[in-house]
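Shown next, in structure tokens, is the structure this report addresses.
The following block contains the structure:
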């Protein structure tokens with residue numbers, strides 16, 4: 001206890017450790033006779049102990065914590081505790097670069113890759129700013145902060161992030177599809193921070209129920225979509241209440257997004273002061289998408305896509321991972337979520353689903369109730385769903401911003417992830433356009449092979465066996481003995497694993513186009529082929545003129561080797577004993 005008291009004294013001078021420091025310190029506690037230099041050494045060692053615990057080792061211990069340490073910013077102890085409860089031990093780069101500007105009331109445009117913590121970039125400093133001022137608990141008080149988000153799901157999440165870092169301020173979320181009565185009750189009680197979608201906020205303004213004349217801070221989250229044609233008029237009407245020309249002081253304006261096309265800056269100048277701060281952590285860098293995501297592409301005709309997606313989910317995510325599948329239409333999302341090819345539990349999320357059910361669906365996905373979420377673009381922006389292992393895009397999007405936001409649902413907060421984009425031959429130019437504009441390179445891969453699926457399914461099945469209670473195992477011992485006697489232990493267990501995994505029937509697929517009923521072969525030639533016609537002529541000479549009826553497509557590989565997609569069924573026509581060399 002004495003040592004702990006002295007440890008606290010060393011960390012003192014008005015400061016306390018950000019988390020409890022273990023009393024089992026292998027250095028003697030400083031006594032009253034210790035010199036200043038000795039006390040500084042102990043302080044440094046304690047700093048190291050503290051930072052190692054939170055993976056925050058400073059580059060130079062004498063200079064204190066790393067750049068993102070809470071002690072470097074105007075963050076109260078109560079907020080630090082709430083952040084740590086969320087698993088946040090230090091500020092991320094975008095938060096470090098924008099905190100002081102936001103806290104000091106400057107207008108800011110913040111641009112950073114998806115999954116880098118943009119919401120806390122404005123939530124934490126705004127909460128600290130409001131809590132540092134005079135407390136206002138009047139009933140019916142008008143909001144001081146307005147945050148506009150393009151989708152209901154994003155608005156709900158942003159409101160939750162605010163609530164996670166404050167216990168003093170009233171945080172309310174307004175969005176369409178929900179009842180007006182609770183929102184009107186919140187207005188009567190008084191609001192400090194209002195988060196919402198433009199449509200519902202405008203409804204309350206037009207009905208003279210909401211007062212935005214006292215706003216001090218306005219945030220547009222996912223600003224490129226917020227100021228797009230579909231939202232520009234609504235946003236203009238909402239902000240005109242607070243951004244009056246004759247007003248002495250306009251609210252602080254904060255714009256955040258992963259993508260900011262050039263036209264965004266032109267529109268933003270209508271609301272922002274001339275001396276705004278621009279924090280761009282992407283800049284002229286070639287790669288705009290998250291660096292923690294591996295980008296793969298699979299060629300597949302739309303008619304084969306559903307069954308191939310089932311195999312891809314099994315191999316790349318399994319039955320214990322989380323997968324988000326993005327579709328272009330609501331109907332496609334609904335049909336794919338019910339397709340039997342996806343063996344994992346799946347649910348759909350799109351605009352036609354009632355808001356209450358959408359919230360239940362997202363909560364279930366976060367909690368692991370089901371493994372596959374099939375969604376339209378409603379889930380692409382800003383949603384922070386933990387530990388998404390795989391993102392699948394059913395086709396290349398028309399704009400690169402959509403690809404960046406969709407792929408950013410995985411590989412968040414330092415984790416790694418995989419994004420797989422399906423494409424048809426006619427969409428190859430779209431795929432190349434995404435590569436060029438997003439600064440990424442797709443790794444072209446084939447569909448999972450039968451061996452890939454079996455290996456993945458076997459691992460899943462073995463994990464399922466670990467979860468079976470010992471009591472339940474006892475009920476099946478007699479049946480197990482009979483099976484072993486009849487088929488042998490290895491054969492019986494292999495059959496059981498095959499049935500558990502659902503891998504009782506596997507289709508052979510083309511590695512070129514994903515079509516079922518084809519196998520892919522490689523034709524190696526002793527001389528370099530200048531065009532694909534050489535391969536066709538050589539095959540006809542070796543295997544007969546009718547061979548072209550059974551080969552659907554050929555393509556060059558690197559080094560002028562040819563890959564062929566061959567129909568499996570009429571094998572007798574393939575000249576099995578004729579060398580292809």
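Numbering (UniProt numbering), first residue to last: 1 to 581.
Where a beta carbon is used, it is the ideal one built from N, C-alpha and C, also for glycine.
Worksheet item: Going by DSSP, which residues form a beta bridge with residue 419?
Response: Answer is 295, 391.
Fill in: the segment 121-133 / the segment 158-172 touching (three or more Cβ pairs under 8 angstroms)
Flag = yes, the segment 121-133 and the segment 158-172 touch.
Item to complete: Give a yes or no on whether the C-beta atoms belonging to residue 127 and residue 73 are separated by under 9 angstroms.
Response: Judged by beta-carbon spacing, residue 73 lies beyond the 9 angstroms limit of residue 127, meaning their Cβ atoms are not closer than that value.
Practice prompt. Determine the burial state of residue 582: buried for a count of at least 16 other Cβ atoms within 10 Å of its Cβ, exposed for fewer.
Written response: Examination of residue 582 is not possible in this model, given that the chain is present from 1 through 581 alone.
Discussion item. So residue 582 and residue 449 are supposed to be a Cβ contact under 8 angstroms. How far apart are they, rounded?
Written reply: Outside the displayed span of the chain (1 to 581) sits residue 582, for which this structure offers no information.
Discussion item. I need the boundaries of the beta strand (DSSP E) containing residue 554, first residue and last residue.
Written reply: Counted as a single uninterrupted DSSP element, the beta strand (DSSP E) harbouring residue 554 occupies residues 551-556.
Discussion item. Here's the rule I'm using: 16 or more other beta-carbon atoms within 10 Å means buried, otherwise exposed. How should residue 322 be labelled?
Written reply: Around the CB of residue 322, 16 or more other CB atoms lie within 10 Å, so the residue is classed as buried.
Worksheet item: Hey, would you say residue 390 sits closer than 9 angstroms to residue 342, going by beta carbons?
Response: It is not a contact, given that the beta carbons lie outside the stated cut-off.
Worksheet item: If you check the beta carbons only, do residue 444 and residue 333 fall under 9 angstroms apart?
Response: Not closer than 9 angstroms, so no.
Fill in: CB of residue 440 within 9 angstroms of CB of residue 289, strictly
For the 9 angstroms CB-CB criterion, residue 440 and residue 289 form a contact.
Worksheet entry | Range covered by the alpha helix (DSSP H) that runs through residue 206 | Per DSSP, residue 206 belongs to the alpha helix (DSSP H) from 198-206.
Discussion item. The alpha helix (DSSP H) that contains residue 376, what's its start and end?
Written reply: In the DSSP annotation of this structure, residue 376 is not part of any alpha helix (DSSP H), being labelled neither H nor E.
Fill in: Neighbourhood of residue 404 by C-beta, 7 angstroms cutoff - its chain only, sequence neighbours within 5 removed
Only 114, 258, 259, 288, 289, 438 meet the Cβ criterion.
Worksheet entry | Residue nearest to residue 401 in terms of C-alpha spacing, selected from 195, 262, 177 | Answer by Cα proximity: 262.
Practice prompt. For residue 309, count neighbouring C-beta atoms within 10 Å of its own C-beta (all shown protein chains included) and say buried if the count is 16 or more, exposed if not.
Written response: Under this definition residue 309 is a buried residue.
Worksheet item: For residue 60, does the three-state DSSP call read helix, strand or coil?
Response: Since pLDDT at residue 60 reaches only 38, below the 50 mark, its modelled position is unreliable, and the value read off the structure follows with that caveat. Three-state DSSP puts residue 60 in coil, outside helix and strand.
Discussion item. Tell me which residues share the same chain as residue 101 and place their Cβ nearer than 6 angstroms to its Cβ, disregarding the 5 neighbours each side in the sequence.
Written reply: Once the five neighbours on either side are set aside, the close Cβ partners of residue 101 are 108, 277.
Item to complete: Answer yes or no: do residue 202 and residue 238 have a C-beta to C-beta separation smaller than 9 angstroms?
Response: Yes, the pair counts as a contact, with Cβ atoms nearer than the cut-off.
Practice prompt. Kindly confirm or deny that the segment 133-149 and the segment 176-185 touch, where touching means at least three C-beta pairs closer than 8 angstroms.
Written response: Using a Cβ-Cβ distance cut-off of 8 angstroms, the segment 133-149 and the segment 176-185 are not in contact, since fewer than three pairs of beta carbons, one from each stretch, lie closer than that value.
Item to complete: Compute the Euclidean distance between the alpha carbons of residue 56 and residue 90, then round it to the nearest angstrom.
Response: For residue 56, the predicted model reports a pLDDT of 36, less than 50, meaning its position is unreliable; a value from the coordinates is still stated below. A direct Cα-to-Cα measurement between residue 56 and residue 90 gives close to 8 angstroms.
Fill in: With 16 other Cβ atoms within 10 Å as the buried cut-off, status of residue 432
The residue in question, residue 432, is exposed, as its Cβ has fewer than 16 Cβ neighbours within 10 Å.
Item to complete: Give the straight-line distance between the Cα atoms of residue 324 and residue 457, rounded to the nearest whole angstrom.
Response: Inter-residue distance for residue 324 and residue 457 is about 20 angstroms (C-alpha atoms, whole angstroms).
Worksheet entry | Delimiting residues of the beta strand (DSSP E) encompassing residue 320 | Note, residue 320: premise wrong, no beta strand (DSSP E); not H, not E.
Worksheet item: Can the beta-carbon of residue 194 be found closer than 9 angstroms to that of residue 145?
Response: Yes, the Cβ-Cβ distance between residue 194 and residue 145 is below 9 angstroms.
Discussion item. Please report the straight-line C-alpha distance between residue 124 and residue 338, rounded to a whole angstrom.
Written reply: Straight-line Cα distance between these residues: approximately 41 angstroms.
Worksheet item: The alpha helix (DSSP H) spanning residue 462 covers which residue range?
Response: Secondary structure note for residue 462: its alpha helix (DSSP H) is the uninterrupted segment 450-466.
Worksheet item: Taking only runs of the alpha helix (DSSP H) that begin and end inside the segment 237-282, which ones reach a length of at least 4 residues, in chain order?
Response: Complete alpha helix (DSSP H) runs here, min 4: 262-268.
Discussion item. With a threshold of 9 angstroms between beta carbons, is residue 484 in contact with chain D?
Written reply: No chain D appears in this structure, which consists of one protein chain only.
Item to complete: Please list the segments of the beta strand (DSSP E) lying wholly inside the segment 105-182, counting only runs of 3 or more residues, in order along the chain.
Response: With a minimum length of 3 residues, the continuous beta strand (DSSP E) runs that stay inside the segment 105-182 are 108-111, 145-148, 171-174.
Discussion item. Please state the DSSP three-state secondary structure of residue 301.
Written reply: The three-state reading of DSSP puts residue 301 in coil, since its state is none of H, G, I, E or B.
Item to complete: Sort out for me which residues DSSP pairs residue 217 with in a bridge.
Response: 145, 252.
Worksheet item: From the DSSP output, which residues share a beta bridge with residue 477?
Response: Partner residues in a beta bridge of residue 477, as assigned by DSSP, do not exist.
Worksheet item: Where do the ends of the alpha helix (DSSP H) carrying residue 518 lie?
Response: Annotation for residue 518: no alpha helix (DSSP H) segment contains it, though the beta strand (DSSP E) segment containing it runs 518-523.
Worksheet item: Which one or two residues does DSSP pair with residue 195 in a beta bridge?
Response: Looking at the DSSP output, residue 195 bridges to 147, 173.
Worksheet item: Can the beta-carbon of residue 616 be found closer than 9 angstroms to that of residue 372?
Response: Outside the shown range of the chain (1 to 581) lies residue 616, about which nothing can therefore be said.
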